[in-house]
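Residue numbers (this note's numbering): 1 to 614. Notes for the one structure printed next.
Spelled out as structure tokens, the structure:
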């Protein structure tokens, strides 16, 4: 630390403050420079300007990315390294080679001795900010990063990618079934309707049975068990947040991220934005971001999806563990700590832990109330039930915490799947990994109106079908890799849920048609009686199973007003059916289209960003 004192004095940082920084650095197991920048006592630009002046070296404000002398793999290696490239070569406008230095563990005496011994060579050395050099390298590496983001999974495991919606035999079967149904409906309409009802009923009853089994399985407390550890033992943790058209909620997001408990010198937060999303980028530039927060700009290109953006950003992270959040999320401050303890206490097969999602605006509308009931059932009952039995766990789209080595082993996120979370959960299971759940939740807001809810649910259904098609390209292999029980769970969660949503409107339409026929004086035929009985039974059992599971998953303070959910149930499930039929249409015409869910700023959060990240 002593070698830093002259530089620190020029920055108005006294020796006592420097000693405190040094103590924190030793406690966290990082170098003095890293802790100094993480503390926010001095900006990176001011520190490296002072360093250049102290050493008598020139300062490079913004090097030209095209002038960097570097191979593709060198650029990617520099981006993956915490602190970026220490040294880089650049060719100036006169054709002379210039050495850029951006040291993250600076040996001041050694650098001073080199400058004194080789004064002529030192004229070709420029001090540059690490983040500025990193930005230049990232621009230089855009093509490579885009190739990795869009092609990596399809290259290493094409059978696992949703880039092709259905393979040859799946397309042939789908075509044959469509033609057969058309002929059957034309020549034997009653028998065809009955057969379809049987198929839909099986899917519907499978979902009912799963909910009943979860309800009977009971709930197990998942209170976190955490022990005190020294910060030096804690690894680097990377947090990824994909933003698109989220300018309004940028302040809330930064406040939420600033509450995360983790040593700042070992935390890296990547805000991943589309390069042409000017409003969101402007909102981020207007804030004073902490040194551990980096904005990553993804160049325009297809597919334009959240998983493509995450896949672009992943090579630019260095954490041993990777967390994923949405822009509107407010994670529990100790969620990262709990997730790390879960990984620490498990073997390498534990690839991911899922934090529960809790809806904070459930009283805002009937849509958000039903959404909150769904989430309570899923994250407090269904997922823990599956995790306790070691079964396939369909991940939520946010608050996933990954062991980085496992995430990279399975190829990362599929850029062509619009529910990359569910697909990744299935793929991890196929590779022999497992997932678990943790206790500390993430607060988020649900859609409050139909115009927002239906496109979001359409995307979910479409992604579940994509996931089902991908992992059913070789059903025997999938069943062998994940086991029979997980294979059955996959059929219910991915295919069964969509089929049951499609069936709901069919049940009501059939019952309504039979009722009108009877009202107009027609007689009940045996087939119609059977159909009506089956439809009524399916709807009643479906509603009862869903409501009982939801009721059991609600906290005591959330149960007042539950009776309203009973009244809203038919309308909510009708909306699900509409979304499911939209999903069928989009799968044919626009399978990789990502329907963005807009978010609003929360009125109650008003905190100055100067206090964010402390």
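The beta-carbon is built from N, C-alpha and C at its ideal position, and this holds for glycine as well.
So residue 325 and residue 241 are supposed to be a Cβ contact under 8 Å. How far apart are they, rounded? 5 Å
Excluding the 5 residues flanking residue 85 on each side, which residues of the same chain have their C-beta closer than 7 Å to its C-beta? 78, 102, 133 and 137
Have a look at residue 344 and residue 58 and give me their C-alpha separation to the nearest angstrom. 46 Å
Using a Cβ-Cβ cutoff of less than 8 Å, which residues in the same chain neighbour residue 46 once the five nearest sequence positions on both sides are dropped? 11
Inside the region 98-155 only - alpha helix (DSSP H) runs reaching at least 4 residues: 108-117, 119-122 and 130-140
Please confirm if the region 448-463 is in contact with the region 577-596, defined as three or more CB-CB distances below 8 Å between the two stretches. yes
The beta strand (DSSP E) with residue 31 in it runs from where to where? Taken as a continuous stretch (DSSP letters only), residue 31 belongs to no beta strand (DSSP E), as it is neither H nor E.
Ignore the nearest five residues each way along the sequence and tell me which others in residue 15's own chain have a CB closer than 7 Å to its CB. 5
Could you give the C-beta distance for residue 141 and residue 76, rounded to a whole number, given that I count them as a contact under 8 Å? 6 Å
So what's residue 399 in DSSP terms, helix, strand or just coil? coil
Out of curiosity, what's the CA-to-CA distance linking residue 238 and residue 257? 12 Å
Could you spell out the range, first to last residue, of the alpha helix (DSSP H) harbouring residue 308? 306-313
Distance, Cα to Cα, residue 147 vs residue 154? 11 Å
Report the rounded CA-to-CA distance for residue 613 versus residue 401, giving the unit in angstroms. Here the model assigns residue 613 a pLDDT of 40, short of 50, so the residue's position is not dependable and the matter cannot be decided.
With 16 other Cβ atoms within 10 Å as the buried cut-off, status of residue 283: buried
Would you tell me roughly how many angstroms separate the C-alpha atoms of residue 90 and residue 66, rounded to the nearest one? 9 Å
So what does DSSP say about residue 591, is it helix, strand or coil? coil
With distances taken Cα to Cα, identify the nearest neighbour of residue 440 among 589, 423, 399 and 550. 399
Indicate whether residue 583 and residue 505 have their beta-carbon atoms separated by less than 8 Å. no
Report the residue ranges of all alpha helix (DSSP H) runs contained in full by the region 363-433; include only those spanning at least 4 residues, in chain order. 366-377, 383-388, 404-409 and 420-430
8 Å Cβ shell around residue 201 - same chain, five flanking residues per side excluded: 503, 534 and 538
For residue 349, name the three-state secondary structure that DSSP assigns. coil
Just grab the DSSP bridge partners of residue 331 for me. 442
With burial defined as no fewer than 16 other Cβ atoms inside 10 Å of the residue's Cβ, what is the status of residue 38: buried or exposed? buried
So for residue 96, helix, strand or coil by DSSP? coil
In this structure, how does DSSP classify residue 559 when only helix, strand and coil are distinguished? coil
Taking DSSP as the reference, what is the three-state secondary structure of residue 242? strand
C-beta atoms of residue 342 and residue 438 nearer than 8 Å: yes
By the three-class DSSP mapping on this structure, what secondary structure does residue 23 have? helix
When the Cα atoms are used, what is the spatial distance from residue 496 to residue 159? 22 Å
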